[in-house]
Amino acid sequence: MPNTLFDALFAPLHGRTEDFLILPDGGTLSGDAFLRLVARQAHALRAAGLGVGDRIAVQIAKSPEALAVYGAAVALGAIFLPLNTAYTADEVEYFLGNATPKLFLCDGAKQAALAPVAARHGAQVLTLNPDGSGSLSDAAAGQPEVISPADRGPDDLAAFLYTSGTTGRSKGAMLTHGNLLSNAQVLVDLWRFTADDVLLHALPIFHTHGLFVASNISLLTGGRMIFLPGFDLETVLRLLPQATSMMGVPTFYTRLLDDARFTRDLVGHMRLFISGSAPLLAETHTSFEARTGHRILERYGMTETNMNTSNPYEGERRAGTVGLPLPGVELRVMQDGTERPRGEVGVIEVRGPNVFKGYWQMPEKTREELREDGWFITGDLGWQGTDGYVTIVGRAKDLVISGGFNVYPKEVELLLDEVPGVLESAVIGLPHPDFGEAVFAVLVPQKGAELVPEAVLAAIADRLARFKQPKAAVVLPDLPRNTMGKVQKNLLRDQFRGWFSA
Ligand code: AMP
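Letter by letter, the sequence shown follows residues 8 to 509 of my numbering.
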């Protein structure tokens with residue numbers, strides 16, 4: 008039966024004896040062996056009752072078997088719901104309550120703690136451990152190695168990805184077969200991925216970047232992946248010589264640059280480095296080029312839309328920008344219901360085949376963020392130049408309104424980052440008795456540098472209108488980041504909330 012994603016991503020692995028996954032211990036798995044694993048798991052999951060439209064929630068370590076569960080869910084027409092491995096039992100309780108999956112797959116080490124949670128929401132529990140063992144693998148052993156996929160078209164749901172939820176409860180973004188396949192096809196073309204590529208994959212596979220961007224591209228082209236359980240600097244340095252391409256969050260690149268063994272010689276053979284999920288500092292882009300000769304290609308996307316924009320493969324990869332809208336993706340910048348002229352900041356909206364179908368069981372949230380005519384309000388603030396390049400200046404919720412004036416944190420951060428001794432900065436708004444909100448800066452020093460907050464603020468004073476200047480600053484050893492490298496400004500706001508009111 009036709010199955011949009013299975014036919015494009017998984018079925019072509021049939022008979023492929025070449026490596027598909029290269030593992031850090033030197034082991035490999037061929038495309039055909041991976042597909043047989045998918046089939047065995049699909050039969051086991053079907054025997055456990057999973058069928059078309061059922062949800063399967065997974066909170067499992069990254070492994071070939073874990074990636075195969077994605078394929079098995081697609082084959083059965085079930086909805087794949089991957090969860091961050093860092094979530095606690097309380098958080099898992101929320102997701103299981105919201106998504107009411109038929110099956111919940113977890114690490115055997117957490118089974119005792121999570122089984123009662125799953126039971127409360129009517130989900131059956133199976134286990135999959137980091138080494139690939141567990142009750143799912145036991146049930147899959149000896150199952151048929153061929154699966155006839157369920158009939159699924161482009162508009163059918165393939166996955167729920169939950170947003171990271173820093174400002175409220177996580178929302179389950181409903182993504183269809185067509186959303187995922189169309190985006191993978193565009194990215195393969197744009198970034199020139201082929202079956203000859205070997206992608207170094209150190210990203211988690213519970214997030215759109217590692218699961219859809221990286222894995223779907225490799226599946227679609229029949230390329231290989233060096234499939235690492237996480238970003239371990241030593242392993243990445245050891246295996247980079249075997250790779251042709253790498254996808255990462257900005258912190259992967261700063262960690263590589265911090266190591267003297269990361270040299271032009273080590274990566275001279277590489278074809279492409281891609282960055283996304285959080286802003287890549289222009290300085291990282293420039294240092295990376297100076298060290299390696301490669302210009303990192305930065306792109307911009309999100310859970311609800313997969314990828315929206317990308318710097319070009321050929322043409323200028325402009326530091327500090329996220330490039331141009333992808334082919335087929337419309338982008339506009341809006342404020343108060345009207346489109347902003349080029350060059351002016353507003354909220355970015357996107358429309359295209361990549362845009363999700365809404366938030367699972369949250370019709371109001373869906374109406375607030377997804378317009379009836381298909382435009383999705385991303386919540387990101389940015390502007391588009393006359394030449395089409397898009398620059399993100401921050402999240403709308405991070406906008407600081409001080410004394411009635413808008414302050415875009417990024418504008419202040421860029422100036423602070425230029426002050427000698429400043430590695431990076433985060434600008435936030437804090438409650439202030441006179442101004443409503445006051446601009447506040449958190450500064451991170453470069454290695455070995457001593458920063459005096461007042462001196463740093465004085466250094467930028469004549470370059471910024473007074474209302475944009477931070478009223479105070481503090482120095483921290485580093486910024487709080489989530490697994491995808493995003494600065495968690497909500498934590499900084501909580502930490503310093505009373506600064507001006509105390
Ligand atoms: P997530 O849904 O977890 O993938 O987060 C999506 C958000 O990450 C976007 O809405 C942006 O705020 C941010 N983001 C992703 N890529 C970039 C990028 N290249 N530059 C700046 N922000 C980015």
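Idealized CB from N, CA, C, for every residue including glycine.
Item to complete: In angstroms with no decimal places, state the Cα-to-Cα distance between PHE102 and GLU241.
Response: Rounded to the nearest angstrom, the two C-alpha atoms are 35 Å apart.
Practice problem: Return the first residue and the last residue of the alpha helix (DSSP H) that ARG500 is part of. | Solution: Membership of ARG500 in the alpha helix (DSSP H) is indicated by the continuous run 496–503.
Where the alpha helix (DSSP H) through MET260 begins and ends:
Per the sequence shown, residue 260 should be read as Tyr rather than Met. Residues 257–264.
My guess is that GLY300 and ARG271 are in contact by the Cβ rule of under 8 Å, so how many angstroms apart are they, rounded?
GLY300 to ARG271, Cβ: 6 Å. Contact.
For TRP382, which residues does DSSP report across the bridge?
-> Answer by DSSP bridge pairing: none, since TRP382 is not bridged.
Have a look at PHE27 and ALA68 and give me their C-alpha separation to the nearest angstrom.
Going by the C-alpha atoms only, they are around 19 Å apart.
### Message
At a threshold of 8 Å, does TYR94 count as lining ligand 1 (C-beta to nearest heavy atom)?
### Response
Every heavy atom of ligand 1 is 8 Å or more from the Cβ of TYR94, so no.
According to DSSP, is THR92 part of a helix, a strand, or is it coil?
THR92 falls in the coil class under three-state DSSP.
Does DSSP put SER222 in a helix, a strand or coil?
-> Under the three-state reduction of DSSP output, SER222 falls in the helix class.
*CB contact check: GLY139 to chain B, cutoff 9 Å*: Protein chain content of the structure displayed is limited to a single chain, and chain B is not contained in it.
inquiry  = In this structure, how does DSSP classify SER508 when only helix, strand and coil are distinguished?
reply    = DSSP places SER508 in coil when its eight states are reduced to three.
State the Cα-Cα distance for the pair GLY401 and GLY56, rounded to the nearest angstrom.
GLY401 and GLY56 have their C-alpha atoms some 44 Å from each other.
_Pairwise C-alpha distance: TRP382 and VAL434_ = If you take the alpha carbons of VAL434 and TRP382, they lie about 29 Å apart.
Subject >> Contact between the segment 148–166 and the segment 96–111 (3+ Cβ pairs under 8 Å) >> reply: Contact between the segment 148–166 and the segment 96–111 is absent: fewer than 3 CB-CB pairs across the two stretches fall below 8 Å.
### Query
Looking at the unbroken beta strand (DSSP E) that takes in PHE447, where does it start and where does it end?
Start and end: 443–452.
inquiry  = Please return the same chain residues whose Cβ sits closer than 8 Å to the Cβ of LEU498, not counting the five positions on each side in sequence.
reply    = Once the five neighbours on either side are set aside, the close Cβ partners of LEU498 are PRO487.
What residue range does the beta strand (DSSP E) around HIS292 cover? Per DSSP, HIS292 is not a residue of any beta strand (DSSP E); the alpha helix (DSSP H) it occupies stretches across 289–299.
*GLN476: buried (16+ other C-beta within 10 angstroms of its C-beta) or exposed?*
Classification of GLN476: buried, given that the 10 Å Cβ count is 16 or more.
8 Å CB neighbourhood of HIS50 in its chain, flanking five on each side removed
Excluding sequence neighbours, HIS50 sits near ALA147, GLN150, PRO151 and ILE154.
Review point. In whole angstroms, what separates the C-alpha of GLU461 from that of PHE503?
Key: Taking the Cα positions, GLU461 is about 17 Å away from PHE503.
**Q.** Pair within 9 Å by beta-carbon distance, ALA122 and PRO108
**A.** Contact flag unset, no.
Please list the terminal residues of the continuous alpha helix (DSSP H) segment that includes ILE154. Segment: none, ILE154 is in no alpha helix (DSSP H) and carries neither H nor E.
Next on the checklist: Considering Cα atoms alone, identify which of ASN489, LEU464, ARG127 and VAL397 is closest to ALA479.
Outcome noted: If you compare the alpha carbons of ASN489, LEU464, ARG127 and VAL397 with that of ALA479, the shortest gap goes to LEU464.
Span of the beta strand (DSSP E) around GLN66: Membership of GLN66 in the beta strand (DSSP E) is indicated by the continuous run 62–66.
- Quick one: what's got a C-beta closer than 7 Å to PRO156's C-beta in the same chain, skipping five residues either side? Beyond the five residues adjoining it in sequence on each side, PRO156 comes within less than 7 Å, by CB distance, of MET8, ASN10, PHE13 and ALA82 in the same chain, given in chain order.
Own chain, CB closer than 7 Å to ALA326, minus 5 neighbours either side, in chain order
In chain order, ALA289, HIS292 and THR293 place their CB closer than 7 Å to the CB of ALA326, counting only its own chain and leaving out the 5 sequence neighbours on each side.
Report whether the distance from the Cβ of LYS364 to the nearest heavy atom of ligand 1 is below 8 Å. In terms of side-chain proximity, the C-beta atom of LYS364 is found no nearer than 8 Å to any non-hydrogen atom of ligand 1.
- Measure the alpha-carbon distance for ASP485 versus LEU450 and round it to whole angstroms. Using only the alpha carbons, I get a separation of about 8 Å.
- For ALA191 versus ASN223, is the C-beta spacing smaller than 9 Å? Taking a C-beta distance under 9 Å as the contact criterion, ALA191 and ASN223 qualify as a contact pair.
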